[in-house]
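Structure first, commentary second.
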Amino acid sequence: MRIILSRKGFDSSAGGCPSPIFPDGRLFSLPIPDKTSPIVYSEIHYDDIDVGQLVSQLTRDPKRAHHRAHLDPDLRKEALNRQPGWRPLLGQTGSAQGHLNNQCIVAGDIFLFFGSFRPVEFMDDRWRFIHHEPPRHVIWGWLQIGEILKVDNLGESSLKWARYHPHFAYKSDSANTLYLASNVLSIRGQSTKINGAGVFPHIRKDLLLTKPGSTKQTSWQLPHWFFPSDGISKLSFNPNVNRWSLAGNFCYLESASRGQEFVIDATGLEQAEEWILALLGETNKSSRLREFKQNM
Numbered sequence: 028m029r030i031i032l033s034r035k036g037f038d039s040s041a042g043g044c045p046s047p048i049f050p051d052g053r054l055f056s057l058p059i060p061d062k063t064s065p066i067v068y069s070e071i072h073y074d075d076i077d078v079g080q081l082v083s084q085l086t087r088d089p090k091r092a093h094h095r096a097h098l099d100p101d102l103r104k105e106a107l108n109r110q111p112g113w114r115p116l117l118g119q120t121g122s123a124q125g126h127l128n129n130q131c132i133v134a135g136d137i138f139l140f141f142g143s144f145r146p147v148e149f150m151d152d153r154w155r156f157i158h159h160e161p162p163r164h165v166i167w168g169w170l171q172i173g174e175i176l177k178v179d180n181l182g183e184s185s186l187k188w189a190r191y192h193p194h195f196a197y198k199s200d201s202a203n204t205l206y207l208a209s210n211v212l213s214i215r216g217q218s219t220k221i222n223g224a225g226v227f228p229h230i231r232k233d234l235l236l237t238k239p240g241s242t243k244q245t246s247w248q249l250p251h252w253f254f255p256s257d258g259i260s261k262l263s264f265n266p267n268v269n270r271w272s273l274a275g276n277f278c279y280l281e282s283a284s285r286g287q288e289f290v291i292d293a294t295g296l297e298q299a300e301e302w303i304l305a306l307l308g309e310t311n312k313s314s315r316l317r318e319f320k321q322n323m
């Protein structure tokens, strides 16, 4: 089993700002802009929030509400009006897809999606970022791969429920790839009761990648088993072992500021499997939210 830490959503370069952490702890990853996508920000559903208005307010650009959005990965069924048969999915192409190919990503491997997030408040009839709160990298969703499909190889009648997806708007591209989620999470071939894909609805301490107390979001705290062994980094795109340090149950990394897909081969590593199960098994518990607020 490979674990892919996959950078997705708004940040300073893609979108122009972080995604919001709402006052009640809810996380919402803003899809990056995409002029070719058929999806408009104002069409995306998220609880009681007008997503088009939210994007306009956080970016301070009123026109953004009617801009087009790259809703990818698409993990929440309620985000759009769906056709029968819908499944969570991710699209990838270009150098990022080339990197996934080189890392031998297959069905059963797990994407953990992370992005830049910052707390917001509602003041003067608008959402705004809290000035003294820095952005931080947070894991916000997951997808275990059930199928890998090349868009160029799909017939016109294939995956009709997915034709809204931005990757179907691309021109012919042999690298254009779709990752469809498994129905349930499986570890070593054993099915669990956890969905094969989803989002973490609220912030939790164990979802934070950024080291506690750090104002630099690329300074990460990870489980100790991520640490390089025999002088070789286990995490792709982060080969410099001098950027790693080890302390107790955690290791620390000055992570790459660029790149989308960071892969670690955790095949047979029981500690990694336990970590995944702990992350995904806590999605409905409020104790982690209280713990996070106490340690902010």
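Number 323 marks the last residue of the sequence shown (the numbering used here); no jumps.
Each residue gets a CB set at the ideal place from its N, CA and C atoms; glycine is no exception.
- Taking a C-beta distance under 7 Å as the contact criterion, GLY275 and VAL268 do not qualify as a contact pair.
- When C-beta atoms of the segment 63-73 are compared with those of the segment 28-47, fewer than three pairs fall below 8 Å, so the two segments do not count as touching.
- Remark: fewer than three beta-carbon pairs, one from each stretch, lie closer than 8 Å, so the segment 159-166 and the segment 122-136 are not flagged as touching.
- For PHE49, DSSP assigns no beta-bridge partner whatsoever.
- THR120 is positioned such that its CB atom lies closer than 7 Å to that of ASP200.
- When the beta-carbon positions are compared, VAL147 and LEU234 stay at least 7 Å from each other.
- Take PHE264, set aside five residues on each side of it, and the residues of its chain with a beta-carbon closer than 6 Å to its own are ALA283, GLY286, PHE289, in chain order.
- Inside the segment 186-272, DSSP marks whole beta strand (DSSP E) runs of 3 or more residues at positions 204-208, 211-214, 217-222, 224-226, 246-250, from first to last along the chain.
- Residues of the same chain with a CB within less than 6 Å of the CB of ALA123, apart from the 5 flanking positions on each side, are GLN287, GLU288 in chain order.
- Counting only unbroken stretches of 3 or more residues, the beta strand (DSSP E) elements lying wholly within the segment 276-311 are 277-281, 288-292, in sequence order.
- Annotation: the continuous beta strand (DSSP E) that includes GLN171 extends over 163-177.
- With fewer than 16 other Cβ atoms inside 10 Å of its own Cβ, LEU273 counts as exposed.
- Taking all protein chains shown into account, GLN110 has fewer than 16 neighbouring C-beta atoms within 10 Å of its C-beta and is therefore exposed.
- Contact annotation: HIS94 and PRO58 have beta-carbon atoms that are not nearer than 7 Å.
- Cβ-Cβ distances below 6 Å link ILE221 to LEU212, LEU307 in the same chain, with the five nearest sequence neighbours on each side left out; the list follows chain order.
- Residue pairing from DSSP places ASP101 in a beta bridge opposite LEU116.
- Taking a C-beta distance under 7 Å as the contact criterion, LEU116 and LEU207 qualify as a contact pair.
- CA-CA distance, SER185 to GLY112, rounds to 12 Å.
- Close CB contacts of ILE214 within its chain, under the 8 Å cut and outside five residues either way in sequence, are with MET28, GLU300, ILE303, LEU304 (chain order).
- Note on geometry: alpha-carbon atoms of ARG155 and PRO255 lie some 40 Å from one another.
- Assignment of ARG91 by DSSP, reduced to helix, strand and coil, places it in the helix class.
- Per DSSP, VAL133 lies in no beta strand (DSSP E) segment and is marked neither H nor E.
- Across the set GLU70, PRO100, ASP74, ASP101, the C-alpha of GLU70 shows the shortest separation from the C-alpha of ARG91.
- Taking the Cα positions, LEU249 is about 22 Å away from GLY135.
- In the displayed model, ALA96 falls within a strand according to three-state DSSP.
- TRP247 places its beta carbon less than 7 Å from that of LEU236.
- Contact check for GLY223 against ASN210 passes: the beta carbons are separated by less than 7 Å.
- Comparing alpha carbon positions, the residue from SER260, HIS126, THR294, PHE195 closest to CYS278 is SER260.
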